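Just so you know, my numbering puts 116 at position 107 of the sequence shown, and the rest follows in order with no gaps.
We treat Cβ as the ideally placed atom computed from N, Cα and C, and that holds for glycine.
None of the values given here were measured: they were computed from a predicted structure.
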Amino acid sequence: MKSVRRSETLAALGGKRVIPGGTIKPWPPIGNLDRKMVLASLEGGQHAYGPNCTALEKEFSAWSGIKHALFCNSGTAALHMALVACECGAGDEAIVPAYTWPSSATCCLHHNIIPVFVDIEWTTMNIDTDKIEAAITPRTKAIIVVHLHGLMVNMKKIMAIAGKHGLKVIEDCCQAHGARFQGKTAGTFGDCAAFSTNQNKVMCSGEGGFFCSNDDKMFARGKTLWYFGENRPPDASEGYHAYGMGWMYRSSDLVAAFARAQLTRLNDNLARIQTNAARLSECLADVPHLILPATPKGHHHNFYNYTIRFDMEALKHASDARIFRDKIVAALKAEGVDTGIWQGWPVPEMTAIKAKNAYGRGCPWSCRHAARVDYSLDQYPVARRHCDWHTGMTTPLRPPNGTRVAELLAGAFRKVMSNLDQVENVKP
Ligand SMILES: Cc1ncc(COP(=O)(O)O)c(C=O)c1O
Numbered sequence: 010m011k012s013v014r015r016s017e018t019l020a021a022l023g024g025k026r027v028i029p030g031g032t033i034k035p036w037p038p039i040g041n042l043d044r045k046m047v048l049a050s051l052e053g054g055q056h057a058y059g060p061n062c063t064a065l066e067k068e069f070s071a072w073s074g075i076k077h078a079l080f081c082n083s084g085t086a087a088l089h090m091a092l093v094a095c096e097c098g099a100g101d102e103a104i105v106p107a108y109t110w111p112s113s114a115t116c117c118l119h120h121n122i123i124p125v126f127v128d129i130e131w132t133t134m135n136i137d138t139d140k141i142e143a144a145i146t147p148r149t150k151a152i153i154v155v156h157l158h159g160l161m162v163n164m165k166k167i168m169a170i171a172g173k174h175g176l177k178v179i180e181d182c183c184q185a186h187g188a189r190f191q192g193k194t195a196g197t198f199g200d201c202a203a204f205s206t207n208q209n210k211v212m213c214s215g216e217g218g219f220f221c222s223n224d225d226k227m228f229a230r231g232k233t234l235w236y237f238g239e240n241r242p243p244d245a246s247e248g249y250h251a252y253g254m255g256w257m258y259r260s261s262d263l264v265a266a267f268a269r270a271q272l273t274r275l276n277d278n279l280a281r282i283q284t285n286a287a288r289l290s291e292c293l294a295d296v297p298h299l300i301l302p303a304t305p306k307g308h309h310h311n312f313y314n315y316t317i318r319f320d321m322e323a324l325k326h327a328s329d330a331r332i333f334r335d336k337i338v339a340a341l342k343a344e345g346v347d348t349g350i351w352q353g354w355p356v357p358e359m360t361a362i363k364a365k366n367a368y369g370r371g372c373p374w375s376c377r378h379a380a381r382v383d384y385s386l387d388q389y390p391v392a393r394r395h396c397d398w399h400t401g402m403t404t405p406l407r408p409p410n411g412t413r414v415a416e417l418l419a420g421a422f423r424k425v426m427s428n429l430d431q432v433e434n435v436k437p
C-alpha cells in the first residue's frame, strides 16, 4: 500500500483526494437474477402477498435455521410482532440497550410497553450484560438484545439471566445476518428474532424484514398483528373482520422477488465483506489513535458496519470530542471515504423518549399500569462516549468493492490521522 507523506495537504484544504470519485460502488450489486425475478413477479399478476413471499419465507427459514419466518415490511414491524408474541403488553417493561437504532425501543411504545435502558460495554458496543439484572423489575417481561453492527451479544449470559428471572428474549438481528456466537447463528438463541432487509442491510430488498420464531404458538400470536388483526380461525372464510388489534405489516410480491434473488448471494456477499474487513483491519493496525472493532473469542462478526472510534483521550480532545470527531470525519469524506456517524445519540436522549411522550398525553409512561422509570443520561456514560467518538462504514466494504477499496480507505485514514494539525482547520 502506498504510504502517505506526513505533510501532504488534506483534500478538505485543497489537496488531492486519496480515493478518486466513482471508486466506491453502490450497494447492493444488481444482477440478471434480480432483473429476471422482479420482472417475472411484475408480470405474474399477484402483487400483494404472492407466491414469491411464501417461497421467500421458506428459503429464509432454511437459511437462518429458524422454524418460522414471516416476511413483513420492516425490521421494526418484526420487532413489534416479537413483543406481542412474547405476550408483552400495557405497562410491562422491556430491557433495551441504550445505544441502538430507535426502533429497538419504539417497537415497545407501539404496544404501550415501557423500554428500560441499559448502558453498553465499550469493547463490543453491545448491551452491558453485567448491568442487566439491576434494571429488572417485577414488570420486566423481555430483554431485547441487539447484535449491533453484526457482532452478537454474549447469548450464554443473556439466556442465563432470562432463565433466572423468567424473561423472554427477543433478538434484534436487523444488522446480524450470518453473525455467530459459539458456532450458533443470530436469531437461534432467543424466543423470537427480527431481521431487516432494508437498503443498507447485508441482505437488501429496499425495505422489508422477517419476524422469526421456533415456537409455533409464539409465531401464531405475533402474526396476529401482521394483517389488520384479521386473525381468522383456520376454518373460517375471509371475513375482513378484526378479531384483535392489528397493523398492516405485509410486504409485496415484487419486494419478495428482489429479496429471493439477493438471498441466493447472501453467503457469498458475507464472505466478501469478511475479506474486505480483514484487509482493512490489517492496513489500519499501525495507524495511531484509532480503536478498531473487536471480535471477542467465540464470536463471528459479520461486519455489517465497520465502526472505528478515535481515541480522544490520547488525542487530548476528550472535552470537545464530538466537535473534533466531526472535523476528522469531514476530512475523511473529502478524501473520498464513504463514512458517517451511525447514531449520534443514545436512545434515551432522543426527543420523544426523553420527553416521555410517545403518541401524546405522556402515554404510555403516564399510564396507570406503568411504573415510573428513570432515563437520566448519567446512567449511560459508555453509550454517550461512543456517540461522540465513532464513525462507521458499510458500503465501501461490501461487494462489488474489494480489497483494493479497503486499501484505499486505509490510505485515507492514514493521511488524515497523520495530519491532525491540518484537521483542526477543517470545517465539519
Ligand atoms: C438494530 C436495528 N434494529 C431495527 C432496525 C429497524 O429495521 P427497519 O428499518 O427495517 O424497520 C434497524 C434498521 O436500521 C436496525 O439497525
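inquiry  = Any residue with its C-beta under 6 Å from a non-hydrogen atom of ligand 1 counts. Can you list them all in chain order?
reply    = S83, G84, T85, T109, W110, S112, S113, V155, D181, C183, Q184, S205, N207 and G218
Segment limits, alpha helix (DSSP H) that includes G84 = From DSSP, the alpha helix (DSSP H) with G84 extends over G84 to A94.
task = Express the C-alpha separation of A107 and K436 in angstroms, rounding to a whole number.
result = 30 Å
inquiry  = Run through the DSSP bridge pairs and tell me what R413 is partnered with.
reply    = None; R413 has no bridge partner.
request  = Let me know if N276 comes out buried or exposed under the rule of 16 or more other beta-carbons within 10 Å of its beta-carbon.
outcome  = exposed
request  = Taking V155 and T109 to be in contact with their CB atoms under 8 Å, please state how far apart those CB atoms are, rounded to whole angstroms.
outcome  = 4 Å
key: Cα-Cα separation between P408 and L417, rounded to whole angstroms   = 15 Å
inquiry  = DSSP three-state label for P9, please.
reply    = One cannot answer for residue 9 here, as it falls past the ends of the chain, which runs 10 to 437.
ask   = Should L51 go down as buried or exposed, given a rule of 16 or more other Cβ atoms within 10 Å for buried?
value = exposed
request  = Between the Cα of W374 and those of V93, L92, H119 and G84, spot the shortest distance and give me the residue it belongs to.
outcome  = H119
task = Starting from I167, trace the beta strand (DSSP E) both ways and give me its first and last residue.
result = Careful: I167 lies outside any beta strand (DSSP E), inside the alpha helix (DSSP H) at M164 to H174.
task = Identify whether R331 lies in helix, strand or coil by the three-state DSSP scheme.
result = helix
ask   = What span of residues does the alpha helix (DSSP H) with K45 cover, start to end?
value = Per DSSP, K45 belongs to the alpha helix (DSSP H) from N41 to L51.
query = Which term fits E180, buried or exposed, when burial requires 16 or more other beta carbons within 10 angstroms of its beta carbon?
reply = buried
inquiry  = If you follow the beta strand (DSSP E) that G24 is in, where does it begin and where does it stop?
reply    = Careful: G24 lies outside any beta strand (DSSP E) and carries neither H nor E.
query = To the nearest angstrom, how far is it from the Cα of P355 to the Cα of R393?
reply = 6 Å
message = Which of the three DSSP states is assigned to G401 in this structure?
response = strand
key: The beta strand (DSSP E) enclosing K440, as first and last residue numbers   = Beyond the ends of the chain as shown, which are 10 and 437, falls residue 440; an answer cannot be given.
ask   = Which residues mark the beginning and the end of the alpha helix (DSSP H) in which I317 is found?
value = From DSSP, I317 is part of no alpha helix (DSSP H) but of the beta strand (DSSP E) over Y315 to F319.
ask   = Do E239 and A20 come within 8 Å of each other at the CB atom, strictly closer than that value?
value = no
query = Can you pull the DSSP bridge partners for C7?
reply = Since the first residue shown for the chain is 10 and the last is 437, residue 7 is missing from the structure and cannot be characterised.
request  = Could you tell me if H250 is buried or exposed, where buried requires 16 or more neighbouring beta carbons within 10 angstroms of its beta carbon?
outcome  = exposed
ask   = Buried or exposed: where does D101 fall if 16 or more other Cβ atoms within 10 Å of its Cβ makes it buried?
value = buried
task = Starting from L293, trace the alpha helix (DSSP H) both ways and give me its first and last residue.
result = L275 to L293
query = Between which two residues does the alpha helix (DSSP H) containing E5 stretch?
reply = Residue 5 lies beyond the stretch modelled for the chain, which goes from 10 to 437, so this question has no answer here.
query = Among A94, I153, P147 and P305, which one has its Cα closest to the Cα of A188?
reply = If we check each option's Cα against that of A188, P305 comes out closest.
query = With C-beta atoms as the reference, is V105 less than 8 Å away from F126?
reply = yes
message = Spatial neighbours of D347 within its chain, please: C-beta separation below 7 Å, excluding the five flanking residues on both sides.
response = I33, M402, T404 and P405
request  = Please look up how many angstroms separate the CB atoms of A171 and V178, rounded, as I've assumed it's under 8 Å.
outcome  = Their Cβ separation, rounded to whole angstroms, is 5 Å, which keeps A171 and V178 in contact under 8 Å.
query = How many angstroms separate the CA atom of A143 from the CA atom of H174?
reply = The straight-line gap from Cα to Cα measures roughly 12 Å.
ask   = Between M426, S73, Q208 and N61, which lies nearest to M321 when the distance is taken from Cα to Cα?
value = Nearest option by C-alpha distance: M426.
message = In the DSSP assignment, the alpha helix (DSSP H) including E102 goes from what residue to what residue?
response = Element bounds for E102: not the alpha helix (DSSP H) but the beta strand (DSSP E), E102 to P106.
query = Can at least three beta-carbon pairs, one atom from the stretch 83-99 and one from the stretch 266-273, be found at a separation below 8 Å?
reply = no
query = Between G199 and I153, what straight-line distance do the alpha-carbon atoms span, to the nearest angstrom?
reply = C-alpha of G199 to C-alpha of I153: approximately 9 Å in a straight line.
task = Name the residue from P60, A419 and D383 whose alpha carbon lies nearest to the alpha carbon of T146.
result = Taking T146 as reference, the option from P60, A419 and D383 with the minimal CA-CA separation is D383.
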